[in-house]
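Peer 1: Residue numbers (the working numbering), protein chains in the order written: chain A, 1 to 401; chain B, 1 to 401; chain C, 1 to 135; chain D, 1 to 135.
Just so you know, even glycine gets a beta-carbon here, dropped at the ideal spot from N, CA and C.
A quick note: this is a predicted structure, and the numbers were derived from the prediction, not measured.
Handing you a structure now.
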Amino acid sequence: MAKTIKEINEKIRKGKAVVVTAEEIIDLVEKKGVKAVAKEVDVVTTGTFGPMCSSGVYLNLGHAKPKIKLGGGKAYLNDVPVYTGFAAVDVYLGATALPDDDPRNKVYPGEFKYGGGHVIEDLVAGKDVRLKATAYGTDCYPRKEIETLINIKDLNEVVLYNPRNAYQNYNVAVNLSDRVIYTYMGVLQPNLGNANYCSAGQLSPLLNDPYYETIGIGTRIFLGGAIGYVAWSGTQHNPTVKRTKNGVPKAPAGTVAVIGDLKKMSPDWLVGTTFTGYGVTSTVGIGIPIPILNEKILKYTAVKDSQIYAQIVDYSEAYPKGLPGSLGEVNYEQLTSGKIRVKGKEVPAAGLSSYAKAREIAQILKGWIEKGKFLLTEPVEYLPSVDSGQTFKPLKERPVK
Amino acid sequence: MAKTIKEINEKIRKGKAVVVTAEEIIDLVEKKGVKAVAKEVDVVTTGTFGPMCSSGVYLNLGHAKPKIKLGGGKAYLNDVPVYTGFAAVDVYLGATALPDDDPRNKVYPGEFKYGGGHVIEDLVAGKDVRLKATAYGTDCYPRKEIETLINIKDLNEVVLYNPRNAYQNYNVAVNLSDRVIYTYMGVLQPNLGNANYCSAGQLSPLLNDPYYETIGIGTRIFLGGAIGYVAWSGTQHNPTVKRTKNGVPKAPAGTVAVIGDLKKMSPDWLVGTTFTGYGVTSTVGIGIPIPILNEKILKYTAVKDSQIYAQIVDYSEAYPKGLPGSLGEVNYEQLTSGKIRVKGKEVPAAGLSSYAKAREIAQILKGWIEKGKFLLTEPVEYLPSVDSGQTFKPLKERPVK
Amino acid sequence: MAKKRIVLNFPHSLVDKPITYHLVKDYDLIINILRARVTPREEGLLVLEVTGDKRDLDRGIKFLKDLGIKIESLAQDIKWNEKKCTHCGVCLAICPTEAFIMDRKSRRISFDKERCIVCENCLRACPYKAIEILF
Amino acid sequence: MAKKRIVLNFPHSLVDKPITYHLVKDYDLIINILRARVTPREEGLLVLEVTGDKRDLDRGIKFLKDLGIKIESLAQDIKWNEKKCTHCGVCLAICPTEAFIMDRKSRRISFDKERCIVCENCLRACPYKAIEILF
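Right, dumping it as structure tokens:
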């Protein structure tokens, strides 16, 4: 009983598509069985809402009078440096950028109160942002400095382009040392004081399409509260990690690069984020619809937390030193229970990724599709899967001289 | 006799598609007429090869041992600064970035010997590139500096992501002043000494699909010698400029953002570029196939240089000051003849965009399609066209206090 | 039964005295040490939650004051800003008293101020600055 | 007929002398001034293309030498690197002698060295560093 995306879109247009979330599908399949549900359900919606460092926006500011060439100059938005390696008035702002005068970890642990992720939140919230720039001046762009307030609504383009989002699974971070450590996985108390994980588990987009059989370049998605697209596989895309029998990666695996119009997004789904002692980032809301083209794809979407495993990694030594090895694996049912066992000790576990928000995203996307406002797309190219052999390689160091 | 992309792809797969370039189609239509040619021809290939400043690549370098968090730090490739506003080992390199110690226009006109565009060329040519970076150090990324040679083949991802390429038409630049000026449109001799234009004219992608009826997000293209995709409309996308009766914009109009895998590209089509007294950039080769879905689309592709007009703009005063007005318009037949008339004076005209290379790109793309190696895609979303009302706005300056 | 959260500042001369023992033994109070900074030969700081009969409580506090200990009510307060909270739950594992609770069904966080001992762990752990300290 | 491109360096004492006039008038030579830097009361530099009968040419050069002028053959040379050239054609409009030519059909550039007067305009104009000056 295979369906095509065209057929599903026909039903969506008529307001007749049956859409459920990746959480709702679990019970449904358990009650009615794969065969019946594959017939009944057209789309399963997923969601995730977590810190995603490789995120950012590029802005076209428009020309000032007289014209200024920011390309090759220096520019700041609310004192956060943006990249000027483009044409005259295009700049890129990244989620982890910090003001030049931020003390960083000079006063340890650094507070990291404001950075790129916060500027993005302010922009999308419609707040005025201070642009300050200097340029070297040319015959056609004679101006050498500018300082002005800008507002997203007055700019030409403000495009969210995130080179890596929506990691398919992630580590569980613990601390084996005898001092507190401050990491991108949060504050980790000494001697296995706590364990932090970061995935929406059974709701997470790529965990519901483990081999990327429906998600690819051109897939229309929920991004930051608006419509966006998958633009490419994300950096560090690593399909060849260990998987369970049902195909679910047991370690960080696939990722996607995504794109969308920031002007249409909402600060609810793009939140400036601080990790004490580590830095700043952006917490991004993403939801991907999965067309139920056949029973196999449906089965993947019925994956549940108890079937998804993650590796426990020591962030005091193994991670920073790049040493291989895991302290064991746990599933997301155990993790979300709030307690796991590591080296025989009961350790409180907590998430960095909001399950409540992931659920909300999946529900919003479901609503869009049910109302006929969101049609599915056929990817123009699929993401590299297991057969690509693609792996995540370390940096080979080679002396310059 | 409308065709669908699916039908055209079927013919491509069988090696039976009829493909001609945007140059070849002109004569064909003149000889056989629109009706016959629309039946006969399946795809028209276009090409352009010119300096495109809003271009760049992002690289995932992989983790060093011990790990270093470049995000929020400083990093350079061959002394050219890259942006670190991302996760630990993702960086973005832009075409116009310059070494911190480049004198720029301090010694006028600046020589701008090496910058972002040249690093991209070196990377894609497989040359070793020197990475030098400093970081602030965290518990999970304790390392504070690194200096090493890197090579594109060892990196995880190297993705060309260009926020604005393939401008649909452009200005003709002249100099009304009495001194030489150095611009991104080249060296302009005083008193209308020369006129520089920058478009492949009748071969240029967006001039062959003036209302973006086939080109959109997800369109598969030739990019830098490999397969790429249109990722978004480009910055400064401005569909609402004046057009001729046949729809062709008479000023800079549409643009596209494009994406592709730099590892698969060639230095022949991504060339480091220097504009004396202005800066550095990258010259990018792009080719877009246009499916001949109907007679109307065919007619657009049959546009010829004599039907494409551009505005003559003074780059000594009007352009830098952002003053409106044109010194007149000329068509590309006149421009490519090497002589135009401006204010009653005969002025030698030259292009910054290589017509020979544009033709080569259209031919290569034609070959790929004929051999069944390149299938067309249905865009997942179209670019904003005339009805969007979208215009290119200046920067409104507002004092900070 | 009454409950009070108090901050004790005592001089170094008293650091070696078993004051908590006396509160339990002589005044029949239940005590819970919320925070402590007690170093030999220096001043001491103790944040106590003291529970017991109202009269016993008052007598216990009088006993402490008579010893020369400066007593204040716990003035600092943790404020949880629900609007800023994304309900990620990272505060859960770092809170020593389970003052943050996640509802199993809604997967949303709530904050039980009564349980909070103002250890401030959550302040640094919250990535969204949804937790503030009020003075 | 012979042709020679020569660089003349002469002392300030000779700057006011009409040397090119004599070459034309007395030695029947066709001269073309390629470059000149002649300032009153300083040294002069003149790059000439001189065409004429072989004998006249030799005599003319002897005349210059006898005046105390230092003569060198044109040692600088513009080199067009075809491999680096993208055939954009931006050199065409800036070259005063049409030494760069674009074939109308192939739309490819070629360089006619004979026409080049080493003005160096193209050096700064070429975005691809496909034009070099050799010494």
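Taking CB distances under 8 Å as the criterion, tell me whether residue 433 of chain A reaches chain B.
Peer 2: Past the boundaries of the shown model lies residue 433 of chain A; chain A is included only from 1 to 401, so the question cannot be answered.
Peer 1: With distances taken from CA atoms, which of C:80, C:92, C:114 and C:100 is nearest residue 129 of chain C?
Peer 2: For the residues C:80, C:92, C:114 and C:100, the minimum Cα distance to residue 129 of chain C belongs to C:80.
Peer 1: Determine, using beta carbons only, whether residue 87 of chain C comes closer than 8 Å to chain A.
Peer 2: Yes, its Cβ sits closer than 8 Å to a Cβ of chain A.
Peer 1: What residues in the stretch 113 to 147 of chain A bring their beta carbon closer than 9 Å to a beta carbon of chain C?
Peer 2: Listed in sequence order: 113.
Peer 1: Of the choices B:30, B:44 and B:4, whose alpha-carbon is the least far from that of residue 18 of chain B?
Peer 2: Ranking the options by Cα distance to residue 18 of chain B, first place goes to B:44.
Peer 1: Could you please give me the residues that DSSP links to residue 340 of chain B through a beta bridge?
Peer 2: Note: residue 340 of chain B sits in a beta bridge opposite B:347.
Peer 1: Between residue 146 of chain A and residue 103 of chain B, what straight-line distance do the alpha-carbon atoms span, to the nearest angstrom?
Peer 2: Distance between the alpha carbons of residue 146 of chain A and residue 103 of chain B is about 21 Å.
Peer 1: Within its chain, find whatever has a CB closer than 6 Å to the CB of residue 74 of chain A; leave out the 5 residues flanking it on each side and keep chain order.
Peer 2: Excluding positions up to five away in sequence, the list reads 134.
Peer 1: List, in order along the chain, the chain D residues whose C-beta lies closer than 7 Å to that of residue 189 of chain B?
Peer 2: Those are 94, listed as they occur along chain D.
Peer 1: Any idea if residue 12 of chain C is buried or exposed, counting beta-carbon neighbours within 10 angstroms, 16 or more meaning buried?
Peer 2: With fewer than 16 other Cβ atoms within 10 Å, it is exposed.
Peer 1: Quick one, which residues of the stretch 122 to 133 of chain C are near chain A if we go by CB-CB under 7 Å, in chain order?
Peer 2: Those residues of the stretch 122 to 133 of chain C that come within reach of chain A (Cβ to Cβ, closer than 7 Å) are 124, 125, 127, 128 and 129.
Peer 1: Tell me, which residues are paired with residue 313 of chain B by DSSP?
Peer 2: Paired residues: B:173.
Peer 1: How is the alpha helix (DSSP H) around residue 374 of chain B delimited, first residue to last?
Peer 2: No alpha helix (DSSP H) contains residue 374 of chain B, which DSSP labels as neither H nor E.
Peer 1: Identify which residue in A:304, A:353 and A:250 has its Cα closest to the Cα of residue 239 of chain A.
Peer 2: Ranking the options by Cα distance to residue 239 of chain A, first place goes to A:250.
Peer 1: Consult DSSP for residue 51 of chain C and reduce its assignment to one of helix, strand or coil.
Peer 2: Strand at residue 51 of chain C.
Peer 1: By Cβ distance, which residues of its chain are closer than 7 Å to residue 288 of chain B, with the 5 residues on each side in sequence left out?
Peer 2: If we look at residue 288 of chain B and ignore the five residues flanking it on each side, its Cβ neighbours are 46, 205, 215, 219 and 221.
Peer 1: Expressed to the nearest angstrom, what Euclidean distance is found between the alpha-carbon atoms of residue 67 of chain A and residue 125 of chain B?
Peer 2: Rounded to whole angstroms, residue 67 of chain A to residue 125 of chain B spans 35 Å at the Cα level.
Peer 1: Assign residue 281 of chain B to one of three DSSP states: helix, strand, or coil.
Peer 2: Correct three-state label for residue 281 of chain B: strand.
Peer 1: The stretch 217 to 229 of chain A: which residues have C-beta closer than 7 Å to a C-beta of chain E, in chain order?
Peer 2: No chain E is part of this structure, whose protein chains are labelled A, B, C and D.
Peer 1: Any beta carbon from chain A within less than 8 Å of residue 289 of chain B's own beta carbon?
Peer 2: It does not; no Cβ of chain A falls within 8 Å.
Peer 1: Counting contacts by CB-CB distance shorter than 8 Å, is residue 380 of chain B in contact with chain A?
Peer 2: Chain A, which has a Cβ nearer than 8 Å to the Cβ of residue 380 of chain B, makes this yes.
Peer 1: Can the beta-carbon of residue 97 of chain B be found closer than 8 Å to that of residue 116 of chain B?
Peer 2: Against a cut-off of 8 Å, the Cβ pair of residue 116 of chain B and residue 97 of chain B comes out as a contact.
Peer 1: Return the chain-ordered list of same chain residues with a C-beta closer than 6 Å to the C-beta of residue 81 of chain B, the five sequence neighbours on each side being excluded.
Peer 2: Taken in chain order, the residues that qualify are 97.
Peer 1: From which residue to which residue does the beta strand (DSSP E) around residue 71 of chain D run?
Peer 2: Segment 70 to 73, the beta strand (DSSP E) holding residue 71 of chain D.
Peer 1: Do you know offhand how far residue 137 of chain A's Cα is from residue 342 of chain A's?
Peer 2: Rounded to the nearest angstrom, the two C-alpha atoms are 60 Å apart.
Peer 1: Please report the straight-line C-alpha distance between residue 388 of chain B and residue 8 of chain B, rounded to a whole angstrom.
Peer 2: Straight-line Cα distance between these residues: approximately 29 Å.
Peer 1: Could you check whether residue 61 of chain D and residue 91 of chain D sit closer than 8 Å to each other, using their CB atoms as the reference points?
Peer 2: Not a contact, by the Cβ cut-off of 8 Å.
Peer 1: What does residue 106 of chain D touch in chain B if you count any residue whose Cβ is under 7 Å from its own?
Peer 2: Those within 7 Å of residue 106 of chain D in chain B are 356.
Peer 1: Please classify residue 1 of chain C as buried or exposed, where buried requires at least 16 neighbouring CB atoms within 10 angstroms.
Peer 2: Classification of residue 1 of chain C: exposed, given that the 10 Å Cβ count is below 16.
Peer 1: Using a C-beta cutoff of 8 Å, does residue 273 of chain B count as contacting chain D?
Peer 2: Yes, contact with chain D.
Peer 1: Can you check whether the C-beta of residue 341 of chain B is within less than 8 Å of a C-beta belonging to chain D?
Peer 2: It does not: the Cβ of residue 341 of chain B has no partner Cβ on chain D nearer than 8 Å.
Peer 1: Which chain A residues are close to residue 235 of chain B, counting only those with a beta carbon under 9 Å from its beta carbon?
Peer 2: What residue 235 of chain B touches in chain A: 58, 59, 60, 86, 87, 89, 90, 156, 157 and 159.
Peer 1: Within 8 Å (strictly less), CB to CB, does residue 105 of chain B reach chain A?
Peer 2: Closer than 8 Å to some Cβ of chain A, the Cβ of residue 105 of chain B qualifies, so yes.
Peer 1: With distances taken between CB atoms, is the gap from residue 109 of chain A to residue 351 of chain A smaller than 8 Å?
Peer 2: Not a contact, by the Cβ cut-off of 8 Å.
Peer 1: Look at the Cβ atom of residue 319 of chain B, then the Cβ atom of residue 247 of chain B, and state whether they are nearer than 8 Å.
Peer 2: Not a contact, by the Cβ cut-off of 8 Å.
Peer 1: Is any beta-carbon of chain B found at less than 8 Å from that of residue 240 of chain A?
Peer 2: Residue 240 of chain A does not count as touching chain B.
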